[in-house]
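J.:
Number of protein chains: 2
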Amino acid sequence: MSPPSDKPEDPLAAAFFRPVRAGNAFEETVERMLQAIRLGVAAPGTRLPAERDLAVRLGISRVTLREALRALQEAGFVESRRGRYGGTFVRAAPDPPPPPQPAADLAAELADVLTLRAVLEPGAAEQAAARALPPRARRHLRASLDDCATAAPADYRRRDSRLHLAIAEATGAASVTAAVADARTRLNALLDAIPLLPPNIDHSDHQHTAVITAILDGDPPAARAAMTEHLAGTAALLRGFLS
Amino acid sequence: MSPPSDKPEDPLAAAFFRPVRAGNAFEETVERMLQAIRLGVAAPGTRLPAERDLAVRLGISRVTLREALRALQEAGFVESRRGRYGGTFVRAAPDPPPPPQPAADLAAELADVLTLRAVLEPGAAEQAAARALPPRARRHLRASLDDCATAAPADYRRRDSRLHLAIAEATGAASVTAAVADARTRLNALLDAIPLLPPNIDHSDHQHTAVITAILDGDPPAARAAMTEHLAGTAALLRGFLS
DNA sequence: GCGAAATGGACCGCCCTCGAGCCATTGGGG
DNA sequence: CCCCAATGGCTCGAGGGCGGTCCATTTCGC
Chain A
1 MSPPSDKPED
11 PLAAAFFRPV
21 RAGNAFEETV
31 ERMLQAIRLG
41 VAAPGTRLPA
51 ERDLAVRLGI
61 SRVTLREALR
71 ALQEAGFVES
81 RRGRYGGTFV
91 RAAPDPPPPP
101 QPAADLAAEL
111 ADVLTLRAVL
121 EPGAAEQAAA
131 RALPPRARRH
141 LRASLDDCAT
151 AAPADYRRRD
161 SRLHLAIAEA
171 TGAASVTAAV
181 ADARTRLNAL
191 LDAIPLLPPN
201 IDHSDHQHTA
211 VITAILDGDP
221 PAARAAMTEH
231 LAGTAALLRG
241 FLS
Chain B
1001 MSPPSDKPED
1011 PLAAAFFRPV
1021 RAGNAFEETV
1031 ERMLQAIRLG
1041 VAAPGTRLPA
1051 ERDLAVRLGI
1061 SRVTLREALR
1071 ALQEAGFVES
1081 RRGRYGGTFV
1091 RAAPDPPPPP
1101 QPAADLAAEL
1111 ADVLTLRAVL
1121 EPGAAEQAAA
1131 RALPPRARRH
1141 LRASLDDCAT
1151 AAPADYRRRD
1161 SRLHLAIAEA
1171 TGAASVTAAV
1181 ADARTRLNAL
1191 LDAIPLLPPN
1201 IDHSDHQHTA
1211 VITAILDGDP
1221 PAARAAMTEH
1231 LAGTAALLRG
1241 FLS
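Put into structure tokens, the structure is as follows:
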């Protein structure tokens, strides 16, 4: 009998035989909390949910959650206080060490995340525009746009992230929000390696306005088109700096 | 001091404070392998990678992988043979028990997965059409389309899934393929609850042809439009049967 | 016929994670 | 003033998952 050939290796199989879990529970928890803090979902000064509550939400034991929180505390991201009305609070971020890119297969990561984003975000903008948004969501979109436009350069990326997440959230589908959040986290890791230029900010703000306006006007094609154009700018910028 | 209000509960936070892991390694592995078998990525008769290799790819220990494979074997999905050129082989699927929907928050799940799909798949089709596809990918798309068009009703959904995955794969971005695969798995769980009607199959085949033609012609807007129309049909069908 | 190679099968000791319970601290309300 | 409620801090025993190692089986090539 000749050896059963799995030589050609269906590339599709790679998508299924990929790692089942990203790491141990501790690491994944730290990563998730860091993501929430860096993307500005948990703003400085905010109190995180109580440990007993948060552990249940994250689907981990309180022991493991506490280990993660202790690591974040030692890194200066959060601060804990005991007693009634105590809790774990987000500190004004130190965020000093943007870890240098491993640069191993940076080109592949760049292409992958840009494609993923090009798939997700225009679709999210379109779906958001196609819904009858409740007043609360409309206000949230407007507020996020405003926050972004008035941000100091140091705050820009955090608020930019929040705006994009607000759009994803406006689709009403939690899994869309989760997917956009993951893509955004990967993108931010790449963005940390390149400078933030005022002309780009100005350009982005105009495009943000176009996207939000189209969503609030209930014009899906326009929302999609505006978002696609917006992403093209960032993509070109990243490719220019990292290729 | 008044209690720090986390009453309003930023809905965005829910996307970040969601469970870190879906279950234990054993369960997740069984689920992943079942996904590969049900979606036809691992076809009947195929040999799976050797345990030592597969365990590394899935990022789990061989012990845990073997427990998962043993469960699949007892359920009749795979069969193992020892010795050189032995291995674990996919059996012609029994697939008898489509577990009845929990139906708990079925409406929410339905809305979520349909929105996710509406975001992902038209975007994937558009991105695939925008690329210069290598000959191998073009052949794969044509073959998948043909497989789907000539499928017996019993095989239709498996081949349909493979076609959609082939489109995602054509974007060249592994994370897009992974996201589409996950959405498809959730969708299939819902589709199992409704009948497969010949007119729908015929309708789907025409739409599939339109999507693939647009992709091979390098016409992104047409690919997106054709896929959007295709998804609308399935979405309407599901909403009709499950609402 | 026989050894080498590749595979599934089985076991052991270590560490991570969990669930549960209890302690320590703080501020508000009676 | 004292007790209660809500929070973080801590510990213990049980079970799961891991890395490593060796065994059993089968087939190819010499």
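Listed in order, the protein sequences are those of chains A and B.
For the first sequence, the numbering used here gives the first residue as 1, with consecutive numbering after it.
For the second sequence, the numbering used here gives the first residue as 1001, with consecutive numbering after it.
Every residue, glycine too, gets a C-beta built ideally from N, C-alpha and C.
(1) Quick one: which unbroken alpha helix (DSSP H) runs of 4-plus residues sit fully inside the region 119 to 165 of chain A? Chain order, please.
(2) From the DSSP secondary-structure annotation, give me the bridge partner or partners of Glu1031 of chain B.
(3) Looking at the structure shown, is Ser1204 of chain B part of a helix, part of a strand, or coil, going by DSSP?
(4) Excluding the 5 residues flanking Ala25 of chain A on each side, which residues of the same chain have their C-beta closer than 7 Å to its C-beta?
(5) Could you give the first and the last residue of the continuous beta strand (DSSP E) run that contains Arg1081 of chain B?
(6) Determine the contact status of Leu1012 of chain B and Leu165 of chain A, defining contact as a CB-CB distance below 8 Å.
(7) For Gly1240 of chain B, go through chain A and note every residue whose CB falls closer than 9 Å to its CB, in chain order.
(8) Give a yes or no on whether the C-beta atoms belonging to Thr177 of chain A and Gln127 of chain A are separated by under 8 Å.
(9) So what does Phe89 of chain A bridge to, in DSSP terms?
(10) Which first and last residues belong to the alpha helix (DSSP H) in which Phe241 of chain A is found?
(11) Among B:Leu1191, B:Glu1028, B:Arg1139, B:Gly1040, which one has its Cα closest to the Cα of Ala1092 of chain B?
(12) Assign Phe77 of chain A to one of two classes, buried (16 or more other C-beta atoms within 10 Å of its C-beta) or exposed (fewer than that).
(13) Please check the pair Leu48 of chain A and Ala42 of chain A, which I expect to be a contact at CB under 8 Å, by giving their CB distance rounded to whole angstroms.
(14) If you reduce the DSSP assignment to three classes, tell me which class Ile1060 of chain B lands in.
(15) According to DSSP, simplified to helix, strand and coil, what is Ala1053 of chain B?
(16) Measure from the alpha carbon of Pro19 of chain A to the alpha carbon of each residue in B:Ser1204, B:Thr1029, B:Pro1135, then state which is nearest.
(17) At which residues does the alpha helix (DSSP H) containing Asn188 of chain A begin and terminate?
(18) So, helix, strand or coil for Leu1197 of chain B, using DSSP?
(19) Mind checking Pro208 of chain A: buried by the 16 CB within 10 Å criterion, or exposed?
(20) When you compare each of A:Ala68, A:Arg81, A:Asp105, A:Thr46 to Ser243 of chain A by their alpha carbons, which one comes out closest?
(21) With 16 other CB atoms within 10 Å as the buried threshold, where does His206 of chain A fall?
(22) May I have the straight-line CA-CA distance separating Ala1137 of chain B from Ala1174 of chain B, to the nearest angstrom?
(23) Work out the CA separation of Ser1144 of chain B and Asp1160 of chain B for me, nearest whole Å.
(24) Compute the Euclidean distance between the alpha carbons of Ala225 of chain A and Val1119 of chain B, then round it to the nearest angstrom.
(25) Name, please, each residue of chain A whose Cβ falls closer than 7 Å to the Cβ of Ile1060 of chain B.
(26) Note down the Cα distance separating Ser2 of chain A from Arg1052 of chain B, rounded to an integer number of angstroms.
(27) Apart from the five residues on each side of it in sequence, which residues of its chain come closer than 7 Å, Cβ to Cβ, to Ser5 of chain A?
(28) May I ask you to report which of helix, strand or coil DSSP gives Ala281 of chain A?
(29) Measuring straight from C-alpha to C-alpha, what distance separates Asp192 of chain A and Ala154 of chain A?
T.: Concretely, from the data shown:
(1) Counting whole runs of 4 or more residues, the region 119 to 165 of chain A contains the alpha helix (DSSP H) stretches 135 to 149.
(2) In the second sequence, the residue the question calls residue 1031 of chain B occupies position 31. According to DSSP, Glu1031 of chain B shares a beta bridge with no other residue.
(3) For this step, residue 1204 of chain B is matched to residue 204 along the second sequence. In the structure shown, Ser1204 of chain B sits in a helix (DSSP, three-state: H, G or I).
(4) As a working note, residue 25 of chain A is residue 25 in the first sequence. Closer than 7 Å at the Cβ level, and outside the excluded window around Ala25 of chain A, lie Ile60, Thr64.
(5) On the second sequence, residue 1081 of chain B is found 81 positions in, with the first residue counted as 1. Annotation for Arg1081 of chain B: the continuous beta strand (DSSP E) segment containing it runs 1078 to 1081.
(6) For the purposes of this step, residue 1012 of chain B is taken as residue 12 along the second sequence, with counting starting at 1. For the purposes of this step, residue 165 of chain A is taken as residue 165 along the first sequence, with counting starting at 1. By the CB criterion at 8 Å, Leu1012 of chain B and Leu165 of chain A fall inside the cutoff.
(7) Position 240 of the second sequence, counted from the start, is the residue given in the question as residue 1240 of chain B. Under the 9 Å cutoff, chain A gives no residues; its nearest Cβ is about 19 Å from Gly1240 of chain B.
(8) One-based indexing of the first sequence puts residue 177 of chain A at position 177. One-based indexing of the first sequence puts residue 127 of chain A at position 127. When the beta-carbon positions are compared, Thr177 of chain A and Gln127 of chain A stay at least 8 Å from each other.
(9) Here residue 89 of chain A refers to the residue found at position 89 of the first sequence. Phe89 of chain A pairs with A:Arg47, A:Glu79.
(10) By 1-based counting over the first sequence, the position of residue 241 of chain A is 241. Per DSSP, Phe241 of chain A is one residue of the alpha helix (DSSP H) stretching across 220 to 242.
(11) As a first step, residue 1092 of chain B is located in the second sequence; it is residue number 92 there, counting from the start. The shortest C-alpha to C-alpha distance from Ala1092 of chain B to any of B:Leu1191, B:Glu1028, B:Arg1139, B:Gly1040 is the one to B:Gly1040.
(12) Counting from 1 along the first sequence, the entry for residue 77 of chain A is found at position 77. Residue burial is scored here from C-beta neighbours: Phe77 of chain A has at least 16 other C-beta atoms within 10 angstroms and is therefore classed as buried.
(13) Translated into positions along the first sequence, residue 48 of chain A becomes position 48. Translated into positions along the first sequence, residue 42 of chain A becomes position 42. Leu48 of chain A to Ala42 of chain A, Cβ: 6 Å. Contact.
(14) Residue mapping note: residue 1060 of chain B aligns to position 60 of the second sequence, counting from 1. In this structure, DSSP gives Ile1060 of chain B a state outside helix and strand, which the three-state scheme calls coil.
(15) Here residue 1053 of chain B refers to the residue found at position 53 when the second sequence is read from its first residue. A quick correction: the sequence has Asp, not Ala, at residue 1053 of chain B. In this structure, Asp1053 of chain B counts as helix in the three-state DSSP scheme.
(16) Residue numbering aside, residue 19 of chain A sits at position 19 when the first sequence is read from its first letter. The residue with the shortest Cα to Cα distance from Pro19 of chain A is B:Thr1029.
(17) The residue given as residue 188 of chain A occupies position 188 in the first sequence. Residues 174 to 191.
(18) Working through the second sequence from its first residue, we reach residue 1197 of chain B at position 197. Coil.
(19) In the first sequence, counting from the first residue as 1, residue 208 of chain A sits at position 208. Note that residue 208 of chain A corresponds to His in the displayed sequence, not to Pro. With 16 or more other Cβ atoms from the protein chains shown falling within 10 Å of its own Cβ, His208 of chain A counts as buried.
(20) Residue 243 of chain A sits at position 243 when you count from the first residue of the first sequence. Comparing Cα positions, the closest option is A:Asp105.
(21) Here residue 206 of chain A refers to the residue found at position 206 of the first sequence. Exposure of His206 of chain A is indicated by the presence of fewer than 16 other C-beta atoms within 10 angstroms of its C-beta.
(22) Residue numbering aside, residue 1137 of chain B sits at position 137 when the second sequence is read from its first letter. Residue numbering aside, residue 1174 of chain B sits at position 174 when the second sequence is read from its first letter. Separation of Ala1137 of chain B and Ala1174 of chain B (C-alpha to C-alpha, rounded to the nearest whole angstrom) is 14 Å.
(23) Walking along the second sequence from the start, residue 1160 of chain B turns up at place 160. Walking along the second sequence from the start, residue 1144 of chain B turns up at place 144. Pairing Asp1160 of chain B with Ser1144 of chain B, the inter-Cα distance amounts to about 8 Å.
(24) Taking the first residue of the first sequence as 1, we reach residue 225 of chain A at position 225. Taking the first residue of the second sequence as 1, we reach residue 1119 of chain B at position 119. If I take the Cα positions, the gap works out to 14 Å.
(25) Position 60 of the second sequence, counted from the first residue, corresponds to residue 1060 of chain B. Within 7 Å Cβ-Cβ: Val20.
(26) To locate residue 2 of chain A, count along the first sequence from 1; it is residue 2. To locate residue 1052 of chain B, count along the second sequence from 1; it is residue 52. Unreliable placement is indicated for Ser2 of chain A, whose pLDDT of 44 sits below 50; no coordinate value is reported for it.
(27) Working through the first sequence from its first residue, we reach residue 5 of chain A at position 5. Note that Ser5 of chain A has pLDDT 44, beneath the 50 cutoff, so the model's placement of it is unreliable and no number is given.
(28) Examination of residue 281 of chain A is not possible in this model, given that chain A is present from 1 through 243 alone.
(29) Looking up residue 192 of chain A in the first sequence gives position 192. Looking up residue 154 of chain A in the first sequence gives position 154. The alpha-carbon separation between Asp192 of chain A and Ala154 of chain A amounts to approximately 12 Å.
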